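Data block below; observations after.
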Amino acid sequence: MATPGDILVVVHEFQARSPDELTLARGERIELIESDQEFGDGWYLGRNIETNDSGLFPEGTQQPPPPPSC
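Under UniProt numbering, the first residue of the sequence shown is numbered 1, with each subsequent residue one higher.
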């Protein structure tokens, strides 16, 4: 399970439907600000590393990045 501070990679696009949601494009990197543990509603709060935009996005649209290759 992802925890705040983790960097996640978007694997499924998501189009924001309200001003507090974060649009996600495949391959973008998102810093997790808040996980779903408190509310249990399937939504995370995160910040796009490239654009610095932040907002809510659904769980399951992202995964941890692959480990660095040696």
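For each residue, glycine too, the CB sits at the ideal point set by N, CA and C. Since the model is a prediction, treat every value here as computed from it, not as a measurement.
If I measure Cβ to Cβ from residue i and keep anything under 8 Å in the same chain, skipping five residues before and after, which residues do I get?
i	result
residue 50	28, 29
residue 25	10, 13
Quick one: residues in its chain with C-beta nearer than 6 Å to the C-beta of residue i, no 5 flanking neighbours on either side, listed in chain order?
i	result
residue 12	61
residue 55	20, 21, 22
Among the candidates the options, whose CA atom is the shortest distance from the CA of residue i?
i	options	result
residue 19	9, 53, 33, 64	53
residue 67	1, 3, 34, 8	8
residue 47	38, 40, 33	33
What are the boundary residues of the beta strand (DSSP E) that residue i is part of?
i	result
residue 54	54-58
residue 45	43-48
residue 34	29-34
Leaving aside the five residues before and after residue i along the sequence, list all residues of the same chain whose C-beta is less than 7 Å from its C-beta, in chain order.
i	result
residue 42	36, 58, 59
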